[in-house]
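In the numbering used here, the protein residues as written are -12 to 131.
This report concerns only the one structure given below.
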Amino acid sequence: MDLNSLYNQIIVENSRACEHRHKVEGATDALEGVNPSCGDDIVLEVRINQGRIEEAGFTGEGCAISQASTSLMIDLIRGKTVLEAQALLETFLGMIKGDISDEDQLEPLEDAVALQGISHMPGRVKCAVLAWHTLKNILENPQS
């Protein structure tokens, strides 16, 4: 299996995964993210306790890329400190913008690196970054 096939498989599997599709009990923050260009609409919920993301989940609908990206992001941020999540967020956004391509710098993104090729598809970038921008807004403007 070549790398592109593996990346496509990761995206498809995560777009269909249900593990992170749920409301978060005791959520400290929730925010809707909308991509009007293709109809992606998610509500991201997180529970942050003492600077650590204890739980995260989402509800909503969208294209395979937005759903996969949200699921992959939640896999990465659960259990991380807010500062660690912010670093992952900046790395992911840098990857999508094409500013970061070094494999060592991208290693912390784990399977989310499968979305790197989206940077060459301008029409899909908004889909890939929707959840990440929603998380960024939550972390920069916490409700709790």
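Cβ coordinates follow ideal geometry from the N, Cα and C atoms, glycine included.
query: First and last residue of the uninterrupted alpha helix (DSSP H) at I105; result: Run containing I105: none; DSSP gives neither H nor E here.
query: Chain C contact for Q37 (CB, 8 Å cutoff); result: Among the chains in the structure shown there is no chain C, since it carries only a single protein chain.
query: Own chain partners of V69 with C-beta closer than 8 Å, once the 5 adjacent residues on each side are dropped; result: I35, G38, R39, I40, L126
query: Cβ distance (whole Å) where M82 is taken to contact L96 below 8 Å; result: 7 Å
query: The stretch 5 to 15 in contact with the stretch 102 to 116 per 3-pair CB rule at 8 Å; result: no
query: Assigned exposure category for G49 - 16 Cβ within 10 Å defines buried; result: buried
query: Three-state secondary structure (DSSP) of R8; result: strand
query: Residue interval of the alpha helix (DSSP H) (run including I94); result: What sits at residue 94 in the sequence shown is Glu, not Ile. Looking at the DSSP string, E94 is not in any alpha helix (DSSP H), and its letter there is neither H nor E.
query: Segments of 3+ residues assigned as beta strand (DSSP E) that fall wholly inside the stretch 1 to 82; result: 16 to 22, 27 to 36, 39 to 48
query: Candidates E90, R8, P129, of which the one nearest S56 by Cα; result: R8
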